[in-house]
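Worksheet for the structure shown next.
2 protein chains.
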Amino acid sequence: MLPWKNLILIQKTSSVPVYQQIANSIIQHIRSGVIKRGMKMPGTRELSQLLSVHRKTIVSAYDELDAQGWIHSLPSKGTFVSDQLPEIHPRKLETVSPGNFRWEKTGYNFRINPFIKPSTKPLRDMIGFHDGPDVRLVPVDAWGRSYRSVLSRKSGLHHLSYVQENGNYELRKVLSEELNTTRGMQTTPEHIFITRGSQMAMFMLAMVLIAAGDQVVVGQTNYYYTDRALMAAGARLVRIPVDDEGIDVDELEKICKRKKIRAVYVTSHHHFPTTVTLCAARRMKLLALAEKFGFIIIEDDYDYDLHYESSPLLPVASADRNGMVAYIGTLSKTVAPALRLGYVAAPLNLIAELGKIRQVIDIQGDPVLEQAVAEMFSLGEIRRHMKKVLREYHLRRDFLCSQLKKRFAELIQFKTPEGGLSVWARFDKSIPLPALHERMKKKGVIISSGMIHNTDPKMNLNATRMGFGWMNTQETGRSLEVLDETIAEMRKG
Amino acid sequence: MLPWKNLILIQKTSSVPVYQQIANSIIQHIRSGVIKRGMKMPGTRELSQLLSVHRKTIVSAYDELDAQGWIHSLPSKGTFVSDQLPEIHPRKLETVSPGNFRWEKTGYNFRINPFIKPSTKPLRDMIGFHDGPDVRLVPVDAWGRSYRSVLSRKSGLHHLSYVQENGNYELRKVLSEELNTTRGMQTTPEHIFITRGSQMAMFMLAMVLIAAGDQVVVGQTNYYYTDRALMAAGARLVRIPVDDEGIDVDELEKICKRKKIRAVYVTSHHHFPTTVTLCAARRMKLLALAEKFGFIIIEDDYDYDLHYESSPLLPVASADRNGMVAYIGTLSKTVAPALRLGYVAAPLNLIAELGKIRQVIDIQGDPVLEQAVAEMFSLGEIRRHMKKVLREYHLRRDFLCSQLKKRFAELIQFKTPEGGLSVWARFDKSIPLPALHERMKKKGVIISSGMIHNTDPKMNLNATRMGFGWMNTQETGRSLEVLDETIAEMRKG
Numbered sequence: 003m004l005p006w007k008n009l010i011l012i013q014k015t016s017s018v019p020v021y022q023q024i025a026n027s028i029i030q031h032i033r034s035g036v037i038k039r040g041m042k043m044p045g046t047r048e049l050s051q052l053l054s055v056h057r058k059t060i061v062s063a064y065d066e067l068d069a070q071g072w073i074h075s076l077p078s079k080g081t082f083v084s085d086q087l088p089e090i091h092p093r094k095l096e097t098v099s100p101g102n103f104r105w106e107k108t109g110y111n112f113r114i115n116p117f118i119k120p121s122t123k124p125l126r127d128m129i130g131f132h133d134g135p136d137v138r139l140v141p142v143d144a145w146g147r148s149y150r151s152v153l154s155r156k157s158g159l160h161h162l163s164y165v166q167e168n169g170n171y172e173l174r175k176v177l178s179e180e181l182n183t184t185r186g187m188q189t190t191p192e193h194i195f196i197t198r199g200s201q202m203a204m205f206m207l208a209m210v211l212i213a214a215g216d217q218v219v220v221g222q223t224n225y226y227y228t229d230r231a232l233m234a235a236g237a238r239l240v241r242i243p244v245d246d247e248g249i250d251v252d253e254l255e256k257i258c259k260r261k262k263i264r265a266v267y268v269t270s271h272h273h274f275p276t277t278v279t280l281c282a283a284r285r286m287k288l289l290a291l292a293e294k295f296g297f298i299i300i301e302d303d304y305d306y307d308l309h310y311e312s313s314p315l316l317p318v319a320s321a322d323r324n325g326m327v328a329y330i331g332t333l334s335k336t337v338a339p340a341l342r343l344g345y346v347a348a349p350l351n352l353i354a355e356l357g358k359i360r361q362v363i364d365i366q367g368d369p370v371l372e373q374a375v376a377e378m379f380s381l382g383e384i385r386r387h388m389k390k391v392l393r394e395y396h397l398r399r400d401f402l403c404s405q406l407k408k409r410f411a412e413l414i415q416f417k418t419p420e421g422g423l424s425v426w427a428r429f430d431k432s433i434p435l436p437a438l439h440e441r442m443k444k445k446g447v448i449i450s451s452g453m454i455h456n457t458d459p460k461m462n463l464n465a466t467r468m469g470f471g472w473m474n475t476q477e478t479g480r481s482l483e484v485l486d487e488t489i490a491e492m493r494k495g
Numbered sequence: 003m004l005p006w007k008n009l010i011l012i013q014k015t016s017s018v019p020v021y022q023q024i025a026n027s028i029i030q031h032i033r034s035g036v037i038k039r040g041m042k043m044p045g046t047r048e049l050s051q052l053l054s055v056h057r058k059t060i061v062s063a064y065d066e067l068d069a070q071g072w073i074h075s076l077p078s079k080g081t082f083v084s085d086q087l088p089e090i091h092p093r094k095l096e097t098v099s100p101g102n103f104r105w106e107k108t109g110y111n112f113r114i115n116p117f118i119k120p121s122t123k124p125l126r127d128m129i130g131f132h133d134g135p136d137v138r139l140v141p142v143d144a145w146g147r148s149y150r151s152v153l154s155r156k157s158g159l160h161h162l163s164y165v166q167e168n169g170n171y172e173l174r175k176v177l178s179e180e181l182n183t184t185r186g187m188q189t190t191p192e193h194i195f196i197t198r199g200s201q202m203a204m205f206m207l208a209m210v211l212i213a214a215g216d217q218v219v220v221g222q223t224n225y226y227y228t229d230r231a232l233m234a235a236g237a238r239l240v241r242i243p244v245d246d247e248g249i250d251v252d253e254l255e256k257i258c259k260r261k262k263i264r265a266v267y268v269t270s271h272h273h274f275p276t277t278v279t280l281c282a283a284r285r286m287k288l289l290a291l292a293e294k295f296g297f298i299i300i301e302d303d304y305d306y307d308l309h310y311e312s313s314p315l316l317p318v319a320s321a322d323r324n325g326m327v328a329y330i331g332t333l334s335k336t337v338a339p340a341l342r343l344g345y346v347a348a349p350l351n352l353i354a355e356l357g358k359i360r361q362v363i364d365i366q367g368d369p370v371l372e373q374a375v376a377e378m379f380s381l382g383e384i385r386r387h388m389k390k391v392l393r394e395y396h397l398r399r400d401f402l403c404s405q406l407k408k409r410f411a412e413l414i415q416f417k418t419p420e421g422g423l424s425v426w427a428r429f430d431k432s433i434p435l436p437a438l439h440e441r442m443k444k445k446g447v448i449i450s451s452g453m454i455h456n457t458d459p460k461m462n463l464n465a466t467r468m469g470f471g472w473m474n475t476q477e478t479g480r481s482l483e484v485l486d487e488t489i490a491e492m493r494k495g
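Residue numbers (my numbering), protein chains in the order written: chain G, 3 to 495; chain E, 3 to 495.
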């Protein structure tokens, strides 16, 4: 008899169920030939005693092996290892070239994109002034319950198949209602196109609306990935100043008189990265200019829901009577970065064209997730979550801003943002941000160098977004200690 | 006192919990002014008696309203409607233009894509010879359990944030092992880039590798959406014949001598749509030609796992020693269409470049789903599922093929496919497929007109893919009855 006790090792602490561990061990030994084809296996009672596990566990392991075709049972005879192992042995190809290629480099050249940097994702396992929501506040229970519930019910089956590329109807319906009640828009579900986060919304709009050489106006400093999506479509970016009331629409008017502008990208609620709100007068002028000069307004309202003062302004889209605006929204900022659900709201002919390009990018979205989130809306889970996090982020904003004012007034200039998750902090020239970033990282606290916002070396930008949403106030307190200490070191020399 | 019993209507059959229904009703009445600001609410005991529900339900409803800020409790005084309603009243914008615009048409023009048709998703609520897996076989329990488990554990938090754009490490690890053990490849997790289904893999490769005007070789008839992704990148398609052994590599060689070919797209395991397998000799010649002429092989192995004969051929990528192949795989065909997980396996420098373009398309993938699927692999759930469906699809293939042979031998020509989910059925000219499609749809059974495979009107293709995976054998039997009947009608007149 084989030394079963030594062959099958069970790790009680493993997350793999014990029956699965036993089955996996047996498969390994059949593969390696230790357990021979056609061999009779020990009975379940016998093996359970040898391994000191419950007999039911062995029965489950054998069931598993049987389902996979490794063993089979003959009534009143016992359990046998299969003669034909269930693994397919593919026919190998002879290689043309000898050698031990490790697939490091392609055998052909390709154009390296000159304007997109390899990503340097901030180290989210370190605390710091990260730009984004606190994932500890995400309603994971409701999300998991809702998702599983969609999968487990019979009517969920049609969410598993090929679906319309404009997205799940239920979710388009709740989003449309949301836009109509909270943002003064007049949409139907047919005006909504669900995307994988606001980035895909931007990317698709650029693919459909922008031709190579088209001139697109963006802020002097602007959201890095929007600029890249526009550039990938061949746009030439025309940068205009952004002051305390948003993008400078008078400057925009002058430019429009001089050259043909195809589109203007605007984050009206809070300009990215400077957090300023586009004032009402400029919103109306922007819309009037669009009508006059025929340019498209791409309004990216990525954080409309994150507002701590009483009266946000309605988006430009709410006043659009001539179909000049393509509106972008997202749930990634308000729920979780990993919840990649965004949308475009736009006139119907544009929605139809987006549907064509979407087929080519990834066929369709994620109907299970979309249905689950639609149900979280209907059950009030999203609204409840928003109220909770708004209260919390409001507190966190006030804490960071009061501390910055009290302790860093001479070195850091900022205006308290009306919403969002970050403060736009302009540092004194004596504290160069790239150096500060490096020094603080060594101490385990992240502050962005802000270099990504520096669209032109001549700008000499020494400013960054300091996130207040990602950390609780204790963590922010600790991070500010490290900031204080590091700045002191830097000033000493 | 307000007529609470009439104000708050409870639907016992609704899927919305009763406490939620009560809270929603109260919110509605506060909004409309029926319930006044500052008003004292009835006690929970009192309201529970009035509405004939359990008191706990009222407590839950009040908790909900409190959490949302609609009401608040004063100790020993009672519960009151808030003076400041928790709704933000945004400041409206005056519209520039009068009128009641319904957002039907944009106020500007844009280029209508000439080569992508608006999608006509087949009616999946009708039975028929759909091309795709049977969603009723999807392991929804394991999937839902696994997904929820990732969300519910503490270590799941880092899957909720921004992550690397090449995808979840655990999933890349299991996919790499899978490629190495089942397909003779030599990959590490660093060679794998996870995408949203094979379509996004194709789209990204086209964006990175193809420049406007590049000539790309594809089969005479080829997967519709691959052609579109290539065309969207500006490729000029060069079509070559496909016979019973796959694409004609001798013809390819002749073309390469005449003009510069940038890439060849091949579905080696089963050519789409004709289901033929690229034979071993042609695989090796294709690779040799790639090395000689410097073209890229894009090998799309979308259904490698769906194989019913004993010895599939290893993919071309398994013999690649010079980095000529970019390999595409997917889980959408094997698990569920809505599980949009695919991947590219390729040399490291290409993987890095894909990471740049991915940031622009949608920032990153879905880390929660990817982790959940990685765990389903580790637990053997995917392997178990595959064994189960392979057995079933094998049966279904044999059933459809034997029926076609027995009953339609004169009118439908086909070869039994070695794998996949569909039969490539060439119909007699006397049965034009578009007409057959229309007639059968009226009877509630779908058969594709095949027009999507007709890349050139001169081809006069009267062939289509008849899916055998989507239906069980009873359903296929019924559908064949309708086919029989409809053909008889068409031949009569």
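Yeah, the Cβ is synthetic: ideal placement off N, Cα and C, and Gly gets one too.
The structure displayed is predicted, hence computed values, not measured ones.
Rounded to whole angstroms, E:G169 and E:Q366 show a C-alpha spacing of 7 Å. Ranking G:L288, G:L397, G:E247, G:D229 by CA distance to the CA of G:E255 puts G:L288 first.
Each of G:G130, G:R409, G:Y21 was checked against the Cα of G:K443, and the nearest Cα belongs to G:G130. Bounds of the alpha helix (DSSP H) holding G:T183 are 171-185. One finds R113 in chain G with Cβ atoms closer than 8 Å to the Cβ of E:A213, taken in chain order.
Using a Cβ-Cβ cut-off of 8 Å, E:E106 counts as an interface residue toward chain G, since at least one Cβ of chain G sits closer than that to its own. Rounded to the nearest whole angstrom, the CA to CA distance from E:L356 to G:I449 is 27 Å. Every alpha helix (DSSP H) of 4 residues or more that sits fully in the stretch 16-61 of chain G is shown, in chain order, as 20-34, 46-53.
Fully contained in the stretch 269-327 of chain G are the following beta strand (DSSP E) runs of length 3 or more, in chain order: 298-302.
Between the C-alpha atoms of G:K407 and G:I489 there is a straight-line separation of about 15 Å. Counting along the chain, no beta strand (DSSP E) covers E:Y149; the unbroken alpha helix (DSSP H) around it starts and ends at 142-154. The C-beta of G:M202 comes closer than 8 Å to at least one C-beta of chain E. In this structure, E:H74 keeps its C-beta atom at 8 Å or more from the C-beta atom of E:D65. Shown here, E:G248 sits in a strand according to DSSP, grouped into three states.
Between the C-alpha atoms of G:K259 and G:V219 there is a straight-line separation of about 13 Å. Collapsing the DSSP output to three states places G:H132 in coil. Assignment of beta-bridge partners to E:F195 by DSSP yields E:V346. In this structure the stretch 378-386 of chain G touches the stretch 144-155 of chain G; the number of beta carbon pairs closer than 8 Å is three or more. Inter-residue distance for E:V391 and G:I32 is about 23 Å (C-alpha atoms, whole angstroms). CA-CA distance, G:Q23 to G:N8, rounds to 14 Å.
Under the three-state reduction of DSSP output, E:H439 falls in the helix class. With respect to the C-alpha of G:T189, the residue from G:S200, G:L87, G:E483, G:V176 having the closest C-alpha is G:V176. For G:P92, the chain E residues whose C-beta falls within less than 8 Å of its own C-beta are T184, R185, G186, S313, P314, L315, L316, listed in chain order.
By the 16-neighbour rule on beta-carbons within 10 angstroms, E:G221 is buried. Taken atom to atom, the span from the alpha-carbon of E:E106 to that of G:H193 is near 9 Å. Taken through DSSP and simplified to helix, strand or coil, E:M3 comes out as coil.
Taking E:L350 as the centre and dropping the five residues before and after it, the same chain places the C-beta of E192, H193 closer than 8 Å to its C-beta, in chain order. About 19 Å separates the beta carbons of E:Y310 and E:G331, which is beyond the 8 Å limit, so they are not a contact pair. Distances from the CA of E:T478 to each of E:D400, E:P434, E:P116 were compared; the closest alpha carbon is that of E:D400. Between E:S320 and E:G422, the C-beta gap is not smaller than 8 Å, which leaves the two residues out of contact.
If you compare the alpha carbons of E:V152, E:R138, E:L153, E:Q166 with that of G:H161, the shortest gap goes to E:R138. What E:L9 touches in chain G, judged by beta-carbon distance under 8 Å, is nothing: the nearest beta carbon there is about 19 Å away. The beta-bridge partner set that DSSP reports for E:V83 consists of E:I73. Using a CB distance cut-off of 8 Å, E:T189 counts as an interface residue toward chain G. The three-state reading of DSSP puts G:V337 in coil, since its state is none of H, G, I, E or B. Counting only the Cα atoms, E:Y110 lies some 14 Å from G:D216.
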